[in-house]
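Residue numbers (this note's numbering): 439 to 689.
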């Protein structure tokens, strides 16, 4: 009940302000208008075609980019965590990738590739790889030197060392990286899509923005937030708890 209280209070304030203070429903939609748009979206009715098709295209781009970024960031992070030279070499490119606004990357890639699906996916990969890389490198650096020496004494090398030692040792860091990067991806995927692609939630948001109608934009924001929370609750949360339990049992 306590968790729901801030939400109830927030909705109450929202309704009060948009009903009695900011009485401009198109620009400041009250909760009931946003609810109507939510129901419209869930009924698969949209101005540019079925809403499920747009949502599916956005989620596919997000999952593709997130998966690629997670693999690349993890592999490079393991290498950088073990080799200071690699970390120093990668540090500046990583910070540049994180610091440059997502919309700038989108337009740079747009010039390179034209209006293609590779543009939003590539922009997401660039932006999501960086936090995964940094988190993984930090996790590898935190591994006990005694464990590293034990691996050396048993001559554990290459792929076996990566999959049998490094990845299990940084499992909690990997889940944290996954949670942060996925949430970050949800935040920026729409920006990466607003470039004239034929489908995607970003195109719908741009359409409604051009017509100065905010209710469906807020509705899509709520839905994407719900997707992120559901993934965290059903996937990342249980994984984190399982890793914590196994860690406690192994002590």
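Every residue, glycine too, gets a C-beta built ideally from N, C-alpha and C. Please read all numbers here as calculations on a predicted model, not as lab measurements.
Problem - Distance, residue 658 Cα to residue 555 Cα - result: Position 117 of the chain shown, counting from 1, holds the residue named residue 555. Position 220 of the chain shown, counting from 1, holds the residue named residue 658. Whole-angstrom Cα-Cα distance: 21 Å.
Practice task
Taking 8 Å as the threshold, find out whether the segment 532-546 comes into contact with the segment 555-573 through three or more Cβ pairs.
Solution key: yes
Problem - Touch test, the segment 527-539 against the segment 466-485, Cβ-Cβ under 8 Å, three pairs minimum - result: no
Handout entry: CB of residue 609 within 8 Å of CB of residue 681, strictly
Key = Reading the chain shown from its first residue, position 171 is the one you call residue 609. Reading the chain shown from its first residue, position 243 is the one you call residue 681. Yes, they are a contact pair.
Practice task
Classify residue 471 as helix, strand or coil using the three-state DSSP reduction.
Solution key: Numbered from its first residue, the chain shown carries residue 471 at position 33. Three-state DSSP puts residue 471 in a helix.
Practice task
Could you check the C-alpha separation between residue 684 and residue 612 for me, to the nearest Å?
Solution key: What you label residue 684 is simply residue 246 of the chain shown in a count that begins at 1. What you label residue 612 is simply residue 174 of the chain shown in a count that begins at 1. Approximately 15 Å between the Cα atoms of the pair.
Exercise for the section: Note down the Cα distance separating residue 597 from residue 581, rounded to an integer number of angstroms. Expected result: Within the chain shown, residue 597 is the residue found at index 159, counting from 1. Within the chain shown, residue 581 is the residue found at index 143, counting from 1. Straight-line Cα distance between these residues: approximately 18 Å.
Exercise for the section: Take every Cβ of the segment 446-466, pair it with every Cβ of the segment 613-633, and state whether three or more of those distances are shorter than 8 Å. Expected result: no
Practice task
Within 10 angstroms of the Cβ of residue 505, are there 16 or more other Cβ atoms? Answer buried if so, exposed if not.
Solution key: Numbered from 1 along the chain shown, position 67 holds the residue referred to as residue 505. By the 10 Å Cβ count, residue 505 comes out exposed.
Handout entry: Buried/exposed call for residue 507, threshold 16 Cβ in 10 Å
Key = Your numbering for residue 507 matches position 69 in the chain shown. It counts as buried.
Problem - Simplified DSSP assignment, three categories, for residue 487 - result: Position 49 of the chain shown, counted from the start, is the residue given in the question as residue 487. If DSSP states are grouped into helix, strand and coil, residue 487 belongs with coil.
Practice task
My understanding is that residue 645 touches residue 486, with C-beta atoms under 8 Å, so please give their C-beta distance in whole angstroms.
Solution key: The count along the chain shown starts at 1 and reaches residue 645 at position 207. The count along the chain shown starts at 1 and reaches residue 486 at position 48. Right, the Cβ-Cβ distance comes to about 6 Å (below 8 Å), so this counts as a contact.
Problem - Beta-carbon proximity list for residue 516, same chain, < 7 Å, skipping 5 on both sides - result: Reading the chain shown from its first residue, position 78 is the one you call residue 516. Around residue 516: 574, 578, 600, 604.
Handout entry: Close-in-space but distant-in-sequence residues of the same chain around residue 656 (CB under 7 Å, 5 per side omitted)
Key = Counting from one through the chain shown, the residue named residue 656 turns up at place 218. Here the set comprises 467, 472.
Problem - C-alpha gap between residue 627 and residue 607, whole angstroms - result: Counted from its first residue, the chain shown places residue 627 at position 189. Counted from its first residue, the chain shown places residue 607 at position 169. Going by the C-alpha atoms only, they are around 31 Å apart.
Handout entry: Residue span of the alpha helix (DSSP H) that contains residue 619, given as start and end
Key = Here residue 619 refers to the residue found at position 181 of the chain shown. Where residue 619 is concerned, the enclosing alpha helix (DSSP H) stretches over 609-631.
Handout entry: Backbone CA spacing between residue 650 and residue 643 [nearest angstrom]
Key = The residue labelled residue 650 in the question sits at position 212 within the chain shown. The residue labelled residue 643 in the question sits at position 205 within the chain shown. Their Cα atoms are separated by approximately 10 Å.
Exercise for the section: State the start and end residues of the unbroken alpha helix (DSSP H) segment that holds residue 537. Expected result: Here residue 537 is taken as the residue at index 99 of the chain shown, counted from 1. That run of the alpha helix (DSSP H) goes 522-537.
Handout entry: Among 492, 445, 449, nearest to residue 635 - alpha-carbon criterion
Key = In the chain shown, counting from the first residue as 1, residue 635 sits at position 197. Checked all of 492, 445, 449; the closest Cα to residue 635 is 492.
Exercise for the section: Assign residue 667 to one of two classes, buried (16 or more other C-beta atoms within 10 Å of its C-beta) or exposed (fewer than that). Expected result: Taking the first residue of the chain shown as 1, we reach residue 667 at position 229. So residue 667 ends up on the exposed side.
Problem - Cβ pair residue 449, residue 469 closer than 8 Å - result: Residue mapping note: residue 449 aligns to position 11 of the chain shown, counting from 1. Residue mapping note: residue 469 aligns to position 31 of the chain shown, counting from 1. In contact: residue 449 and residue 469 (Cβ atoms closer than 8 Å).
Exercise for the section: Would you kindly report the start and end of the unbroken alpha helix (DSSP H) that includes residue 454? Expected result: By 1-based counting over the chain shown, the position of residue 454 is 16. From DSSP, the alpha helix (DSSP H) with residue 454 extends over 443-458.
Problem - Sequence-distant residues of the same chain with beta carbon closer than 7 Å to residue 621, five excluded per side - result: One-based indexing of the chain shown puts residue 621 at position 183. Around residue 621: 666.
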